[in-house]
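A.B. asks: Here the sequence shown stands for residues 4 to 367, where the numbers follow our numbering.
Glycine is no exception: its CB is placed at the ideal position from the N, C-alpha and C atoms.
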Amino acid sequence: MAVRRVAAAEALARLPQFGAVLDARSEGEYADDHLPGAANWPSLTDAERATVGTMYRHDSPFAARKLGAVMVARNIAAHLEREVQDKPREWHPLVYCWRGGQRSAALAHVLDSVGFPVSVLEGGYRAFRRAVLSELDALPGRLAFRVLAGRTGSAKSRLLVSLAAAGAQVLDLEALACHRGSVLGPLPGTAQPSQKAFETALWSALAGFDPARPVWAESESRTIGRLRVPEPLLERLRAAPCVVLQMPLDERVRFLCAEYAHFVTDTEAFCERLAALRELRGAAVVERWQADARAGRHADVVRELLTEHYDPVYERSMRRNYTGFATGSVLELADGAPTTLAAAARRLLAPQADPALPAGDGRR
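1) From A220, P214, G22, pick the residue whose C-alpha is nearest to that of A167; which is it?
2) Report the three-state DSSP secondary structure of A362 (helix, strand or coil).
3) Along the beta strand (DSSP E) that carries Q88, what are the first and last residues, could you check?
4) If you draw a straight line from the alpha carbon of T270 to that of R216, how long is it in whole angstroms?
5) Got a sec, what are the start and stop residues for the beta strand (DSSP E) Q198 sits in?
6) Between the Cα of T93 and the Cα atoms of N78, C100, R106, G118, which residue gives the shortest distance?
7) How about G40 and H95: are their beta carbons less than 8 Å apart?
8) Where does D314 fall in DSSP's three states?
9) Measure the alpha-carbon distance for A76 versus A66 and round it to whole angstroms.
10) In three-state terms, what does DSSP make of V98?
11) Do L240 and V150 come within 8 Å of each other at the CB atom, strictly closer than that value?
12) In its own chain, which residues sit with a C-beta less than 8 Å from the C-beta of L283, not counting the 5 before and 5 after it?
13) Over the uninterrupted alpha helix (DSSP H) stretch that includes E238, give me the two end residues.
14) From the DSSP output, in three-state form, read off Q293 for me.
15) Do the CB positions of A208 and L174 come within less than 8 Å of each other?
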C-alpha cells in the first residue's frame, strides 16, 4: 500500500471524508492554527525541535538528524500506542506538517506500514494556508448577507443566536473572534485566537453556507479586538441590506449590565478597561467613571458610556461605512429577553420580511 499525496484544494473539499486529520507539527505550531478538526500528533515537540535545531546549527547536521530520528520514532510509537490500537483497517487519516516534508512523511510511513490507507497533504499546512486565503477572497462574493445594525446594547449578538436557533444561516464574527468588539469586549478567561486561526474558522464557516440562502451577520468594524476582518468580507457586509435594531435606553443599560456582569463583580477589571478611553474621553471623565464604578454605580457609568461615547461613535461609523444603514428596516425591541429575541427572529425570517426588499416596521 502506498501513501497518497493530496493537493490542498482536494483536501479542503474532502476533509469530512477522512477518518482523522493528524497534525504532525509541534504543539506550538498547532496552537497557532491547524486544519479544522485536526488532532495534534507531534513528530517533534517544541522543546525537541529547539534541541535538534541548535545541534544542527552549532554541532553537526548528521548528529542532529540522528537525535531527531530517535525523538520522532519515540513520539510516533507513543501516538500509535495511545491512539491507534482500536482503529479498524479502513481508518483513513490525512497527515500533514509544515511543508509536507519529513515530519508528516515519517508518521505516514509508519501508519502505511501497519496497513492503514494514508494520505499526506501536499505542501503541508503552508499549502492549506494559501488555499484558505484564496477562498477568503472568493467566498464572500458568492453569499448574500443581511446585517443586524443597532447601537451598543441593542442585543445584536443575542439576536444572531436566536436567528441560528430558528434555522437561519448565521456568521457570528464575535464568537469566532472570542471578543465582543469594543473596549469592554474581551471575554473573561478566554484568549482570542491567532489571526491565522480566526481566518481558518472564518473560512470553515463561510464554506459551509448555502449560497442560495441569506447569511445573517452583525455590523462589525474592521477589527474585533486585535483581529482583523478580511477585507473582501468586510466590503460585502458594508454593502449589504441592514436591519436596524432599536431598544429603549433603559433596557440597553439593563441588558449590558447583565451581559457584562463580570465587570460588576470585578470592578477593578472594569476600571482597567475604562482606562483605555482616556485619550478619547479625557482623563477627568474616565476618572469620574472609575470613581462611580468603585462606588457601585455601574449602571450610571454604562448609561454615560452609551450616551457620551458609544452611541455617537457608532452612529457616525455606521453612516460612513454601511451603505444600507440609512435606509435599513427598523426593528423595535422592547427588551433583550430571550422570548423577545425569539419572536424577532421569527419575524425576520418570515418570507415577506426579507430586508433586501422595501419593508416592514418603518424606515429610518
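C.D. replies: Reading from the atomic positions:
1) Of A220, P214, G22, the residue nearest in Cα terms is A220.
2) Unreliable placement is indicated for A362, whose pLDDT of 47 sits below 50; the coordinate value is still reported in the next sentence. A362 falls in the coil class under three-state DSSP.
3) Annotation: Q88 is outside any beta strand (DSSP E) and is labelled neither H nor E by DSSP.
4) Inter-residue distance for T270 and R216 is about 44 Å (C-alpha atoms, whole angstroms).
5) Note, Q198: premise wrong, no beta strand (DSSP E); alpha helix (DSSP H) at 198-210.
6) One detail in the question is off: residue 93 reads as Glu in this sequence, not Thr. Taking only the C-alpha atoms, the option nearest E93 is G118.
7) Contact: no.
8) Of the three classes helix, strand and coil, the one that applies to D314 here is helix, per DSSP.
9) Going by the C-alpha atoms only, they are around 16 Å apart.
10) It is a strand residue.
11) Yes.
12) Once the five neighbours on either side are set aside, the close Cβ partners of L283 are H312.
13) From DSSP, the alpha helix (DSSP H) with E238 extends over 234-241.
14) In the structure shown, Q293 adopts helical secondary structure according to DSSP, grouped into three states.
15) Contact annotation: A208 and L174 have beta-carbon atoms nearer than 8 Å.
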